[in-house]
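*Asks:* Let me give you the structure first, and then I'll get to my questions.
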Amino acid sequence: MHYDHIILEKKDRIAKITINRPDALNALHPDTHRQLQDALLNLDADTEVRVIVITGTGRAFSTGADLKHISTLIGKPQQIVAYGQMFHDTTHLIEHMSKVVIAMINGLCLAGGIEVMEACDLAYASEDARIGDQHAAFGLVPTGGGSQRLPRLIGMRKAKELLFTGDWLTAKEAEEIGLINKAVPADKLEETVMAMAHKLAERSPMASKFIKYSVNRGIQVDLYTGIELEKSASAAHFSTEDSTEGIKAFMEKRKPVFPGK
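For the sequence shown, the residue numbers in our numbering are 1054 to 1314.
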């Protein structure tokens, strides 16, 4: 697929996807979703890629739905539902793919943009970024999982406040409530994210895959069911080459080199 709404770069086992619609503050047009989903599916199958970073061009990470496009769908409920399904499909893919996905929040991260961020495994933001779920401010309801993931990340009370009001947070405020991992100076954002990406790329991809599965599935069930999920994931991981390499490296007092198998 030809990409004109995103930029895809790969280097040192790290893939970087940049949403590239700066004139629209990286609003997510249907073509943007199609290209994001195509890139993510290909990267998940790419054994040379271990970590994925998602960011945006210009002043925004993403401001969510393309309201100009939505305005053409008024009176066409089936098409509006189909557009909403695209948000669900994109965020579901990010959350359930086997690779670690890091959101690099370079600016405005609003509405559907925050839903993309919420689906990522880790999130780092520039100190001048502004983050919020603005759906209610425009008379809309989240369609990309925002009403479900946000309370799981920060708790029901605060999530309801942000969802009802559509208020923006500073990056520091987002860090304080656990919505992002860290707020950093704008000129240090890429350096910080890439340092973490390189660190994770050296870890076992198989371990990361099973840990991601255990956490994401476990949070949806009771504690004891979650523990059983973890036991099953751990048992499956013990049959991987990464597990064998980790144990051998420990015994031989050397740094492990994980094959990702």
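Glycine included, C-beta positions come from ideal geometry on N, C-alpha and C.
Between Val1153 and Lys1235, what straight-line distance do the alpha-carbon atoms span, to the nearest angstrom?
*Replies:* As a position in the sequence shown, residue 1153 is number 100, starting the count at 1. As a position in the sequence shown, residue 1235 is number 182, starting the count at 1. Spanning the two alpha carbons is a distance of roughly 17 Å.
*Asks:* Could you please give the first and the last residue of the uninterrupted alpha helix (DSSP H) stretch that includes Met1209?
*Replies:* Position 156 of the sequence shown, counted from the first residue, corresponds to residue 1209. Segment Met1209 to Thr1218, the alpha helix (DSSP H) holding Met1209.
*Asks:* According to the Cβ coordinates, are Ile1070 and Leu1096 closer than 9 Å?
*Replies:* Taking the sequence shown and counting its residues from 1, one reaches residue 1070 at position 17. Taking the sequence shown and counting its residues from 1, one reaches residue 1096 at position 43. Yes.
*Asks:* Out of curiosity, what's the CA-to-CA distance linking Ala1190 and Ala1156?
*Replies:* Within the sequence shown, residue 1190 is the residue found at index 137, counting from 1. Within the sequence shown, residue 1156 is the residue found at index 103, counting from 1. Whole-angstrom Cα-Cα distance: 24 Å.
*Asks:* Can you pull the DSSP bridge partners for Gly1185?
*Replies:* Numbered from 1 along the sequence shown, position 132 holds the residue referred to as residue 1185. Answer is Leu1163, bridged to Gly1185.
*Asks:* Contact defined as beta carbons within less than 8 Å: I believe Ala1224 pairs with Ile1230. What is the distance between those atoms, to the nearest angstrom?
*Replies:* Here residue 1224 corresponds to residue number 171 of the sequence shown, with the count starting at 1. Here residue 1230 corresponds to residue number 177 of the sequence shown, with the count starting at 1. 11 Å between Cβ atoms; not a contact.
*Asks:* Could you tell me whether the Cβ of His1086 comes closer than 9 Å to any Cβ of chain D?
*Replies:* No chain D is part of this structure, which consists of one protein chain only.
*Asks:* Classify Asp1275 as buried or exposed, calling it buried when 16 or more other Cβ atoms lie within 10 Å of its own Cβ.
*Replies:* As a position in the sequence shown, residue 1275 is number 222, starting the count at 1. Exposed.
*Asks:* Which runs of the beta strand (DSSP E) at least 3 residues long sit entirely within the segment 1188-1270? Give them in chain order.
*Replies:* Entirely contained in the segment 1188-1270, the beta strand (DSSP E) runs reaching 3 residues are, in chain order, 1235-1237.
*Asks:* If you reduce the DSSP assignment to three classes, tell me which class Leu1089 lands in.
*Replies:* Position 36 of the sequence shown, counted from the first residue, corresponds to residue 1089. Helix at Leu1089.
*Asks:* State the CB to CB distance for the pair Gly1192 and Gly1109, rounded to an integer number of angstroms; the pair is presumed to be in contact (CB under 8 Å).
*Replies:* Translated into positions along the sequence shown, residue 1192 becomes position 139. Translated into positions along the sequence shown, residue 1109 becomes position 56. The Cβ separation is near 25 Å, so there is no contact.
*Asks:* Can you check the segment 1058-1127 for any beta strand (DSSP E) of at least 3 residues that lies completely inside it and give the ranges in chain order?
*Replies:* Listed in chain order, they are 1059-1064, 1067-1072, 1104-1109 and 1113-1115.
*Asks:* What's the gap between the Cα of Ala1135 and the Cα of Met1304?
*Replies:* The residue labelled residue 1135 in the question sits at position 82 within the sequence shown. The residue labelled residue 1304 in the question sits at position 251 within the sequence shown. Spanning the two alpha carbons is a distance of roughly 54 Å.
*Asks:* State the beta-bridge partners of Glu1179 as determined by DSSP.
*Replies:* As a working mapping, residue 1179 is identified with position 126 in the sequence shown. Note on residue identity: the sequence assigns Ser, not Glu, to residue 1179. DSSP output for Ser1179 lists Val1237 as bridge partner(s).
*Asks:* With respect to the alpha helix (DSSP H) encompassing Val1134, which residues constitute its N-terminal and C-terminal limits?
*Replies:* Looking up residue 1134 in the sequence shown gives position 81. Unbroken alpha helix (DSSP H) run through Val1134: Pro1130 to His1149.
*Asks:* Assuming Ile1272 is part of the beta strand (DSSP E), what are its boundary residues?
*Replies:* Along the sequence shown, read from residue 1 onward, the residue named residue 1272 stands at position 219. Here Ile1272 belongs to no beta strand (DSSP E), and DSSP marks it neither H nor E.
*Asks:* Taking the straight line between their C-alpha atoms, what separation do you get for Lys1064 and Lys1129?
*Replies:* Along the sequence shown, one-based indexing puts residue 1064 at 11. Along the sequence shown, one-based indexing puts residue 1129 at 76. Whole-angstrom Cα-Cα distance: 43 Å.
*Asks:* Give me the Cα-Cα distance between Arg1307 and Cys1162, rounded to the nearest whole angstrom.
*Replies:* The residue given as residue 1307 occupies position 254 in the sequence shown. The residue given as residue 1162 occupies position 109 in the sequence shown. Looking at the two C-alpha atoms, the distance is approximately 42 Å.
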